[in-house]
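What follows is a set of notes on a single structure, which appears directly below.
Residue numbers (our numbering), protein chains in the order written: chain F, 124 to 389; chain B, 124 to 389.
See the structure below:
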């Protein structure tokens, strides 16, 4: 226990308890400022080794920050008293690769053989960008970040394969450079962007029509900047077709007790 | 003295001695790989304090890595036996702000009151970019880097004021991001870029017509990336009009005994 332990536990835990109690069912962006958030993928044990390989092979979209033991819905490395069945605002349930439900808790779906994977989230680096004086367009406009399926392929592992999904934030050029510098310090939160400008080069035909989340305007004096996104595994899971898989709903993340700064590179 | 001291002294010193002997009168790009190079500005003592302020106020174009004592043409902090009168391939001599000569040595111009300022150079970070697998267009094409006067103003100090001058290197977007990450580790070599894409936003009307150096092609699938340039002081000196000023000729730098890696941030 260090001097930071108590406020860290309070910020993340209090937020999870509020979500568990039904106080939030939307995006977790901006909740528990300073505390890391995570994408979630829960898979049967039979798929765990291949999915682990998929994450290792694709560290920019899938930076692992925690893995549960089979059947265990806690994740002690990321926080006290985490209950992955109830502590996210909303989930997606996939059967044989098809989306079947988007519930606010998943107790009835839980199984003894499920393994939980927590993947770093760009909401963490957004706070560092705001502290540097940058405007995050989807936060200013109070909507979800725009996300796109690209023409870039992930590295396949077993049955897991599919396109890289990216999130997009527009910035004036000097701010784009600053955003690249800052996010390169957070390799466990997707790190530096994968693309900048020229959306067509990565298969994005219409920047105003994201595949997930909400469109935001990009000014003539701005460049769209694209980061690898933790929704990428959801596209791979649709291809792998496990009998059961549970993910977070895009934007509705696991709020942890770990501080963002704990994940910053030196 | 550490284990690296001897090869460091040999690489930089041998190159300077060759230049002193008349073996090179062109660009120093690619000479003494691994050793830092520097822009040079030599000014009368009466202008030294204001020029020092100008560098402090404009650390991206003017990152100071060494300052001489008045009248001294050595720079022991940057290398053994440096003679600033003879050790650069070519110089520019300015009288009252006007360019009057471009000699290969400046012994006849030296004065007891001259103060020498060595400013970090982008040639240093170019080696790090090449080691990361990036192509540097002007090196591939064996020409000088293109440089442009911009519409961005420097912060003035006393009589020193003028536009920011930038150097430009084109990269595919993913390589541009990598270049930003790498150069941000070299704050004493101009650091991260100041602009990317959209040259018109910083007053560059025609990317094919640089104000200094040589034009290089920019592909449709590439972005021009702009770094603050050590030629910036030359524009400020033209405005300050000291009775005498001596600078390096663009591209013909001081080769030091200090290793590039010694200037990298943690």
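Backbone N, C-alpha and C fix where the C-beta goes; we use that ideal spot for every residue, glycine too.
Sort B:319, B:388 and B:362 by Cα distance to residue 297 (chain B) and report the nearest one. Minimum Cα-Cα distance from residue 297 (chain B) among the listed residues B:319, B:388 and B:362 corresponds to B:319.
Give the residues from the stretch 299-329 of chain B that approach chain F closer than 7 Å (Cβ to any Cβ), ordered along the chain. Only those residues of the stretch 299-329 of chain B whose C-beta falls short of 7 Å from the nearest C-beta of chain F are listed: 299, 300, 303, 304, 307, 315, 316, 317, 318, 319, 320, 321 and 324.
Since residue 274 (chain B) and residue 326 (chain B) are thought to touch, with beta carbons under 8 Å apart, how far apart are those beta carbons, to the nearest angstrom? Confirmed, Cβ separation roughly 3 Å.
Pull up the DSSP beta-bridge partners for residue 335 (chain F), would you. Looking at the DSSP output, residue 335 (chain F) sits in a beta bridge with F:270.
Tell me which residues share the same chain as residue 226 (chain B) and place their Cβ nearer than 6 Å to its Cβ, disregarding the 5 neighbours each side in the sequence. Non-local C-beta neighbours of residue 226 (chain B) in its own chain, meaning closer than 6 Å and more than five positions away in sequence, comprise 214, ordered along the chain.
Between the stretch 336-349 of chain F and chain B, which residues of the former have CB atoms less than 7 Å from a CB of the latter, in chain order? The residues in question are 344 and 346.
Which bits of chain F does residue 159 (chain B) rub up against, with CB to CB less than 8 Å? Those within 8 Å of residue 159 (chain B) in chain F number zero; the least Cβ separation is about 21 Å.
Pull out every residue of the stretch 270-301 of chain B whose Cβ sits closer than 9 Å to any Cβ of chain F, in chain order. If the cut-off is 9 Å between Cβ atoms, the stretch 270-301 of chain B has 295, 296, 297, 299, 300 and 301 near chain F.
Taking just the CA atoms, how far does residue 222 (chain F) sit from residue 185 (chain F)? CA-to-CA, the gap between residue 185 (chain F) and residue 222 (chain F) works out to about 20 Å.
Under 7 Å between C-beta atoms, does residue 382 (chain F) make it to chain B? Taking Cβ atoms only, chain B never reaches closer than 7 Å to residue 382 (chain F), which makes this a no.
Please report how far the alpha carbon of residue 357 (chain F) lies from the alpha carbon of residue 240 (chain B), in whole angstroms. One alpha carbon belongs to residue 357 (chain F), the other to residue 240 (chain B), and they sit about 56 Å apart.
In three-state DSSP terms, what is residue 361 (chain F)? It is helical.
I need the straight-line Cα distance from residue 311 (chain B) to residue 387 (chain B), nearest angstrom please. Straight through space, the alpha carbons of residue 387 (chain B) and residue 311 (chain B) are spaced by roughly 8 Å.
Assuming residue 260 (chain F) and residue 339 (chain F) form a contact by the criterion Cβ under 8 Å, report the distance between their Cβ atoms to the nearest whole angstrom. In this structure residue 260 (chain F) is in contact with residue 339 (chain F), their Cβ atoms being roughly 4 Å apart against a cut-off of 8 Å.
Could you check how far apart the C-beta atoms of residue 211 (chain B) and residue 142 (chain B) are, in whole angstroms? I think they sit under 8 Å. The C-beta separation of residue 211 (chain B) from residue 142 (chain B) comes to about 7 Å, placing the pair in contact by the 8 Å criterion.
Considering residue 309 (chain F), what are the terminal residues of the beta strand (DSSP E) in which it resides? Counting along the chain, residue 309 (chain F) falls outside any beta strand (DSSP E), and DSSP gives it neither H nor E.
Report the three-state DSSP secondary structure of residue 262 (chain B) (helix, strand or coil). When DSSP states are grouped into helix, strand and coil, residue 262 (chain B) belongs to the helix group.
For residue 361 (chain F), I'd like the list of residues in its chain whose CB is within less than 6 Å of its CB, leaving aside the five on either flank, ordered along the chain. The residues are 220.
CB contact flag (residue 295 (chain B), residue 344 (chain B), <7 Å): Yes, the Cβ-Cβ distance between residue 295 (chain B) and residue 344 (chain B) is below 7 Å.
The alpha helix (DSSP H) that contains residue 173 (chain B), what's its start and end? From DSSP, the alpha helix (DSSP H) with residue 173 (chain B) extends over 168-180.
Of all the options B:172, B:160 and B:178, which has the alpha carbon lying nearest to the alpha carbon of residue 285 (chain B)? Proximity to residue 285 (chain B) across B:172, B:160 and B:178 peaks at B:178, based on C-alpha coordinates.
For residue 207 (chain B), report the span of its beta strand (DSSP E) as first-last. For residue 207 (chain B), no beta strand (DSSP E) segment is defined, and its DSSP state is neither H nor E.
Neighbourhood of residue 268 (chain F) by C-beta distance below 6 Å, restricted to the same chain and skipping five residues each side: The beta carbon of residue 268 (chain F) lies closer than 6 Å to those of 261, 290 and 336 in the same chain, with the five residues before and after it left out.
Assigned exposure category for residue 380 (chain B) - 16 Cβ within 10 Å defines buried: Counting Cβ neighbours within 10 Å, residue 380 (chain B) comes out buried, since at least 16 surround it.
Could you tell me which of B:384, B:352, B:385 and B:254 sits nearest to residue 373 (chain B), measuring between CA atoms? Answer by Cα proximity: B:352.
The alpha helix (DSSP H) that contains residue 248 (chain F), what's its start and end? Note, residue 248 (chain F): alpha helix (DSSP H), 245-254.
Take residue 139 (chain F) as the anchor and find which of F:165, F:163, F:194 and F:209 has the nearest alpha-carbon. The shortest C-alpha separation from residue 139 (chain F) is found at F:209.
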